[in-house]
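Below is one structure, written out as structure tokens; the observations come after it.
2 protein chains.
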Amino acid sequence: MQITRQADYAVRAVLHLARMNSSERAATSTVAKEQNIPPSFLAKIISQLSIAGLLHTSRGARGGVTLARNPGEITLLEVVEAIDGPIQLNECVGSDGGCTFDENCPIKPVWCDAQEELVARLKRTNFGDLLVKSR
Amino acid sequence: MQITRQADYAVRAVLHLARMNSSERAATSTVAKEQNIPPSFLAKIISQLSIAGLLHTSRGARGGVTLARNPGEITLLEVVEAIDGPIQLNECVGSDGGCTFDENCPIKPVWCDAQEELVARLKRTNFGDLLVKSR
DNA sequence: TGTAAACTGGACAATAAAATCGTCTTTAGA
DNA sequence: TCTAAAGACGATTTTATTGTCCAGTTTACA
Chain R
1 MQITRQADYA
11 VRAVLHLARM
21 NSSERAATST
31 VAKEQNIPPS
41 FLAKIISQLS
51 IAGLLHTSRG
61 ARGGVTLARN
71 PGEITLLEVV
81 EAIDGPIQLN
91 ECVGSDGGCT
101 FDENCPIKPV
111 WCDAQEELVA
121 RLKRTNFGDL
131 LVKSR
Chain V
1 MQITRQADYA
11 VRAVLHLARM
21 NSSERAATST
31 VAKEQNIPPS
41 FLAKIISQLS
51 IAGLLHTSRG
61 ARGGVTLARN
71 PGEITLLEVV
81 EAIDGPIQLN
91 ECVGSDGGCT
101 FDENCPIKPV
111 WCDAQEELVA
121 RLKRTNFGDL
131 LVKSR
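As they're listed, the protein sequences go chains R and V. Quick note on numbering: the numbering used here labels position 10 of the first sequence as 10, and the sequence is numbered without any gaps. Quick note on numbering: the numbering used here labels position 93 of the second sequence as 93, and the sequence is numbered without any gaps.
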């Protein structure tokens, strides 16, 4: 019942980028150092975030990473789900239908509601808001 | 970001026991079969629930498992935490203080609030209520 | 055009979690 | 007292997560 370290790293990396001037690029190694994240591990995470369309990367000397959008247009949910996949509090609560074992299982709705609440909360939290709070 | 299978199994096992006549005992193997849980895995889970004081077990022939209390007095939170330990949405949100890295990290409060909400929800859901809904 | 900085991608090791297996101990009842 | 049913306990296997390493590829700039 925890987001993975990867997702936590991803969130911190995005926040780091959000704090910078939007015209600057940051090298993965710099972000890793300042955020205390294993560098080669972060490289993979950034690659995934880039594939997900949240970051832009540029290779070569003076290359680096920037946000693909405004901080205010990136939600916590997007970042977490780009790494961990869809949030799913229990196996039975998911797109794949889940446990067909007990048709009227009374527990499933509890997980569903809790999950919806959590997802909604992460969705309404964007990095623009987070930025304001951290200054 | 998911409860463990163990916790799910625990919840289903407790619900199974809650559905029975309170004077009856159920063998672990029976519960495992009816709830579709690997038997030897369930044995360990039941052992943990017993140590946590949620179940009573009796050994020997005609032994088995019963709830230690009324279904209405057992919450979903207790069962989940007996198996998975305290719910903690992220490493930094916990009793051990967490990341001292960024003193005014704006993300931590988000995880804290979300976690509190989830915990509260699981705490107010007891197996007495669940029983009613499943009939 | 050469070179150093930077991302890319794959293979792999270490660790933790999930699941399984086998053996032991306890106990009700014939 | 003997036996079969049942839980207790420890060893092992499997799988996912986390982290490392290294050999490519791209590109700005001297």
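Every residue, glycine too, gets a C-beta built ideally from N, C-alpha and C. Just so it is clear, the structure is predicted and the values come from calculations on it, not from any experiment.
C-alpha gap between residue i and residue j, whole angstroms
i, j, result
"phenylalanine 127 (chain R)", "valine 119 (chain R)", "16 angstroms"
"isoleucine 37 (chain R)", "valine 110 (chain R)", "35 angstroms"
"tyrosine 9 (chain V)", "threonine 57 (chain R)", "43 angstroms"
"serine 134 (chain V)", "isoleucine 107 (chain R)", "9 angstroms"
"alanine 27 (chain V)", "serine 47 (chain V)", "13 angstroms"
"arginine 59 (chain R)", "leucine 15 (chain R)", "21 angstroms"
"threonine 4 (chain V)", "threonine 30 (chain R)", "35 angstroms"
"valine 21 (chain R)", "serine 40 (chain V)", "The question names valine, but residue 21 (chain R) in the sequence shown is asparagine. Using only the alpha carbons, I get a separation of about 57 angstroms."
"leucine 33 (chain V)", "aspartate 102 (chain V)", "Sequence inspection shows lysine at residue 33 (chain V); the leucine mentioned does not correspond to that position. So the two alpha carbons sit approximately 49 angstroms from each other."
"valine 11 (chain R)", "serine 23 (chain V)", "51 angstroms"
"threonine 125 (chain V)", "arginine 124 (chain R)", "26 angstroms"
"aspartate 129 (chain V)", "leucine 55 (chain R)", "46 angstroms"
Beta-carbon spacing of residue i, residue j below 8 angstroms
i, j, result
"leucine 89 (chain R)", "glutamine 2 (chain V)", "yes"
"isoleucine 83 (chain V)", "isoleucine 51 (chain V)", "no"
"glutamine 35 (chain R)", "alanine 13 (chain R)", "yes"
"valine 80 (chain V)", "alanine 7 (chain V)", "yes"
"cysteine 112 (chain V)", "cysteine 105 (chain V)", "no"
Distance cut-off 7 angstroms: residue i Cβ against heavy atoms of the ligand NAD
i, result
"alanine 13 (chain R)", "The ligand NAD is not part of the structure shown, which contains no ligands of any sort."
Contact list for residue i against chain V, beta-carbon separation under 9 angstroms
i, result
"lysine 123 (chain R)", "Simply none; closest approach about 11 angstroms."
Chain R contact residues for residue i, given Cβ-Cβ distances below 7 angstroms
i, result
"asparagine 104 (chain V)", "Ser134"
"leucine 118 (chain V)", "Ala114, Leu118"
Cβ-Cβ separation, residue j to residue i (assumed contact under 8 angstroms), whole Å
i, j, result
"arginine 19 (chain V)", "glycine 63 (chain V)", "Contact flag wrong, Cβ pair sits at about 20 angstroms."
"threonine 66 (chain V)", "leucine 17 (chain V)", "6 angstroms"
"leucine 77 (chain R)", "leucine 122 (chain R)", "4 angstroms"
"alanine 43 (chain V)", "glycine 53 (chain V)", "That belief does not hold up - the Cβ atoms of alanine 43 (chain V) and glycine 53 (chain V) are roughly 18 angstroms apart, past 8 angstroms."
"proline 71 (chain V)", "leucine 131 (chain V)", "6 angstroms"
"glutamate 117 (chain R)", "glutamate 117 (chain V)", "6 angstroms"
Where residue i meets chain R, residues with beta-carbon distance less than 8 angstroms
i, result
"asparagine 90 (chain V)", "Gln2, Ile3, Asp8"
"isoleucine 87 (chain V)", "Met1"
Per-residue contacts from residue i into chain V (C-beta, under 7 angstroms)
i, result
"isoleucine 107 (chain R)", "Val11, Leu15, Leu130"
"leucine 54 (chain R)", "Within chain V, no residue comes near leucine 54 (chain R); the closest Cβ sits about 16 angstroms away, beyond 7 angstroms."
"valine 110 (chain R)", "Leu76, Thr125"
Self-check item: Unbroken stretches of the beta strand (DSSP E), 3 residues or longer, contained in the segment 16-84 of chain R
Solution: Listed in chain order, they are 55-58, 64-67.
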